[in-house]
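Student:
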Amino acid sequence: MNIFEFRDYKDFVSHWLKDHPKAGRGQLKKMADHLRVSTTLISQVLRADKHFSLETAAEITEYLSLNEKESEYFLLLVEHQRAGAFRLKKILLKKIDREQQAGTQLQNRIAKDRELTDEEKMQFYSSWMFSAIRILSALPEIKNAKSVSERLHLPLGIVNEAVHFLIEKNLCKMENNKLTYGSYRTHIGKDSPFVVKHHQNWRLKGFQSMELRRDEDLFFTQPMALSKEAAEKIRLLLPGIIQDLHAISGPSESETVRCLNIDFFEY
4 MNIFEFRDYK DFVSHWLKDH PKAGRGQLKK MADHLRVSTT LISQVLRADK HFSLETAAEI
64 TEYLSLNEKE SEYFLLLVEH QRAGAFRLKK ILLKKIDREQ QAGTQLQNRI AKDRELTDEE
124 KMQFYSSWMF SAIRILSALP EIKNAKSVSE RLHLPLGIVN EAVHFLIEKN LCKMENNKLT
184 YGSYRTHIGK DSPFVVKHHQ NWRLKGFQSM ELRRDEDLFF TQPMALSKEA AEKIRLLLPG
244 IIQDLHAISG PSESETVRCL NIDFFEY
């Protein structure tokens with residue numbers, strides 16, 4: 004749902020709630036808990052002449068996982084509807100017109116199918132988090148930045164920025180208030196300057212996971228002495244094993260996430 008299609012913040016929040024099961028009754032309670040207010044107060048604001056304070060509105064933008072531009076537009080809508088003087092309302096309405104047009108143009112400029120630039124790749128591969136969030140978006144229970152934050156135990160503000168980047172670059176998208184997998188491919192070849200960082204990110208995450216000692220995880224390390232012929236045979240076997248793994252995981256339902264790191268090197 005595109006906030007720049009709305010000129011009334013109450014309509015936007017109401018539509019956001021209605022898009023959820025049971026007309027958003029469960030979400031209304033969660034929103035109230037996040038804002039530390041009653042569901043009655045929220046309902047009164049949405050259905051009557053009352054308005055949220057700007058401080059509460061800012062909290063709502065965080066709960067709705069709005070990016071910086073969307074949050075500024077939401078607050079502008081609140082400010083306009085709270086304004087009492089006619090001249091102030093007129094000034095704010097003109098600003099809404101400009102921001103609405105600029106926001107719509109920005110949404111339209113997001114490319115549908117192109118390769119990431121080197122600058123975009125640099126950011127994407129700067130941390131395991133970007134790749135992790137993108138893959139998590141394929142899971143049914145991951146709805147937005149808040150659920151990602153809870154799953155990965157990362158600050159919501161940091162996750163919000165990462166989700167905004169992923170959506171802006173079409174690596175993820177929002178469909179019916181659900182964060183989903185985008186259409187871009189992020190594969191990088193072995194000669195890419197970013198490939199080493201990508202490997203390091205996930206191996207570091209693997210080191211962290213070792214400390215959890217979960218039964219469902221598997222870690223195996225075996226330095227070995229062997230013949231050159233045996234080493235070559237193992238090296239030739241591994242690409243086929245990787246293909247077999249893709250054949251199993253590719254068509255399967257997205258129910259959980261895992262990371263597989265494979266290293267086979269001479270020392």
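Residue 4 is where the sequence shown starts when you use our numbering, and the numbers rise one by one after that.
Heads up, the beta-carbon is just placed ideally off N, CA and C, and yes, glycines get one too.
1. Using only the alpha-carbon positions, how far apart do S41 and A35 sit?
2. Cα separation between W205 and F7?
3. Residue ranges of each alpha helix (DSSP H) run of no fewer than 4 residues wholly in the segment 217-252, ordered along the chain?
4. Counting C-beta neighbours from all protein chains within 10 Å, is the total for A233 16 or more, i.e. buried, or is it exposed?
5. I'd like to confirm the pairing. Which residues does DSSP put opposite L263 in its beta bridges?
6. If you run the structure through DSSP and keep just helix, strand and coil, what is Y12?
7. If I follow the unbroken alpha helix (DSSP H) through L3, where does it start and stop?
8. Are there 16 or more other CB atoms within 10 angstroms of the CB of A148, so buried, or fewer, so exposed?
9. Which residues in the same chain as I113 place their Cβ atom closer than 7 Å to its Cβ, once the five residues preceding and following it in sequence are excluded?
10. What's the gap between the Cα of S129 and the Cα of G253?
11. Look at the alpha carbon of G87 and the alpha carbon of V81, and state the distance between them as a whole number of angstroms.
12. According to the Cβ coordinates, are L159 and S152 closer than 8 Å?
13. Let me know if F9 comes out buried or exposed under the rule of 16 or more other beta-carbons within 10 Å of its beta-carbon.
14. For I63 versus L38, is the C-beta spacing smaller than 8 Å?
15. Candidates Y12, E122, V162: which alpha carbon is nearest S140's?
16. Please determine whether the Cβ atom of I170 lies at a distance below 7 Å from any heavy atom of the ligand NAD.
17. Looking at the unbroken alpha helix (DSSP H) that takes in K149, where does it start and where does it end?
18. Taking a contact to mean a Cβ-Cβ separation below 8 Å, would you say V166 touches L182 in this structure?
19. Flag this pair as yes or no: are the beta carbons of S17 and L69 separated by less than 8 Å?
20. Between L31, D247, K124, Q84, which has its C-alpha nearest A51's C-alpha?
Tutor: In this structure, then:
1. Looking at the two C-alpha atoms, the distance is approximately 6 Å.
2. 37 Å
3. 231-252
4. By the 10 Å Cβ count, A233 comes out exposed.
5. Answer is none; L263 lacks a bridge partner.
6. helix
7. The question about residue 3 has no answer, for the chain in this structure spans 4 to 270.
8. buried
9. Residue confidence for I113 is low, a pLDDT of 45 falling below 50, so the modelled location carries little weight; the figure read from the coordinates is stated next. Excluding residues within five positions, the ones whose Cβ falls inside 7 Å are E171, N173.
10. 26 Å
11. 12 Å
12. Pairing L159 with S152 gives a Cβ-Cβ distance under 8 Å.
13. Under this definition F9 is a buried residue.
14. yes
15. V162
16. Ligands are entirely absent from the displayed structure, and the ligand NAD is therefore not among its contents.
17. 148-155
18. yes
19. Not a contact, by the Cβ cut-off of 8 Å.
20. Q84
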